[in-house]
Amino acid sequence: MMSPPKGSTATVRQSPEHQSVSFDLKQYLSQKQAEVEAALDRSLPLAEPKTIYESMRYSLLAGGKRLRPILCLATCELLGGTPEMAIPTACALEMVHTMSLIHDDLPAMDNDDFRRGKPTNHKVYGDDIAILAGDGLLAYAFEYIVENTQNVAPQHLLKVIAQLGRAVGAEGLVGGQVVDLESEGKSDVSIETLNFIHTHKTSALLEVSVVSGAILAGADAAVQASLLRYAQNIGLAFQIIDDILDITATSEELGKSAGKDLTAQKATYPSIWGLEESRRQAQVLVENAKAEVASFGDRAIPLMAIADFITARSY
Ligand code: GRG
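First residue of the sequence shown: 1440, per the working numbering; consecutive thereafter.
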């Protein structure tokens, strides 16, 4: 479970009238995480064949920050939507994220033994079942949205499904992962290539997490575009901090092997910019993200606080 950043109970001053509005990020995140955990548990009951359901549940319920579902719920609520409208998509986003972690950890990809503080899926169930657990979660994510979403117009649901499909495919996570694999061990990876990798591999899913919340709530194109820009900024900031933490945090803090980027000779933001400039760039992106949602006033406080959490986090 995520322990929110220090200072997360601080008063956030965001009202257009410059009144101070108290917002407890720690409490907000704990409550949303609890809602997401319960919904994920309900979403995937054990069934036959038991091995595959156990393997899917093992990774889906292994904890993690639950950032993608929380972004979807927070955005939908910001625009007046209800949790019922967004919770199936929120669960589906975590299913897709979890499947990408399972596949990413395989020996054929990043070859990791630990994830979310536990042995990786293939270490417990074997490569064959881990591949299938990822496939199962990916397919189920789409089914789950369609079968469980309530009070959302079908054309909005179709848009969510199309955008999620695009975010995970060759135009998104898959494309980013391919360029990442091809870049491994190269000493001349440019900042453009690094940005391509991470806008696809990391940011695409964070973007659709925010935009799907907006679509479900019935947002118009201009509002969707502004929220997309918020998400693009936090998406890249998230990856810069991820790269920094790989160097500065311990394996215990991260729940996965620290220092992997150096060992695998991966180009990272700190390897190109250095640590200090990387932190500065992440902070600029977070400020840009917050500026995108400032016009929503106090209702945007959760999204603003989540943006701050991206740079303040220690895991
Ligand atoms: C999506 C079809 C399909 C295949 C997968 C393996 C792969 C293709 C893509 C790799 C995607 C990947 C693992 C990107 C890294 C994203 C990232 C920074 C993950 C860490 O996210 P956190 O910190 O993790 O939110 P927790 O555990 O908190 O959920």
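Note that the Cβ used here is the ideal one computed from N, Cα and C, for glycine as well.
{"Query": "Within the continuous alpha helix (DSSP H) that includes Y1564, where are the two ends?", "Result": "N1560 to Y1564"}
{"Query": "Under the criterion of a Cβ to heavy atom distance below 8 angstroms, does L1506 qualify as lining the ligand GRG?", "Result": "yes"}
{"Query": "What did DSSP end up calling F1553 once you bin it into helix, strand or coil?", "Result": "strand"}
{"Query": "Please return the same chain residues whose Cβ sits closer than 6 angstroms to the Cβ of D1682, not counting the five positions on each side in sequence.", "Result": "T1707, Y1708 and P1709"}
{"Query": "Taking the Cβ atom as the reference point for each residue, do L1506 and F1677 lie within a distance shorter than 9 angstroms?", "Result": "yes"}
{"Query": "Output yes or no for whether 9 angstroms exceeds the beta carbon distance between M1524 and Y1579.", "Result": "no"}
{"Query": "Report the residue from D1543, K1557, S1629 and R1668 whose alpha carbon sits nearest the alpha carbon of Y1503.", "Result": "The question names Tyr, but residue 1503 in the sequence shown is Gly. Of D1543, K1557, S1629 and R1668, the residue nearest in Cα terms is K1557."}
{"Query": "Say yes only if the C-beta of M1538 is nearer than 8 angstroms to one or more non-hydrogen atoms of the ligand GRG, and no if none qualify.", "Result": "yes"}
{"Query": "Can we count G1615 as close to the ligand GRG, meaning its CB is less than 8 angstroms from some heavy atom?", "Result": "yes"}
{"Query": "I'd like to confirm something about F1635: is its beta-carbon nearer than 8 angstroms to some heavy atom of the ligand GRG, or not?", "Result": "no"}
{"Query": "Give the secondary structure of P1741 by DSSP, where H, G and I count as helix, E and B as strand, and everything else as coil.", "Result": "helix"}
{"Query": "Report all residues from its chain with a CB closer than 7 angstroms to the CB of I1680; omit the five preceding and five following residues, and keep chain order.", "Result": "A1721, I1749, T1750 and R1752"}
{"Query": "Any chance the segment 1554-1571 sits against the segment 1487-1498, with 3 or more Cβ pairs inside 8 angstroms?", "Result": "yes"}
{"Query": "Tell me, to the nearest whole angstrom, how far the beta carbon of I1636 is from that of G1615; I am working on the premise that it is less than 8 angstroms.", "Result": "5 angstroms"}
{"Query": "Short of 7 angstroms in beta carbon distance, which residues of its chain neighbour R1738, apart from the five on each side in sequence? Order them along the chain.", "Result": "L1517"}
{"Query": "Helix, strand or coil: how does DSSP classify G1614 here?", "Result": "helix"}
{"Query": "Identify, in the order they occur along the chain, each residue of the same chain with its Cβ nearer than 7 angstroms to the Cβ of K1640, setting aside the five sequence neighbours on each side.", "Result": "L1612, G1615, Q1616 and D1619"}
{"Query": "Given a cut-off of 9 angstroms on the beta-carbon distance, is the pair S1696 and T1514 in contact?", "Result": "no"}
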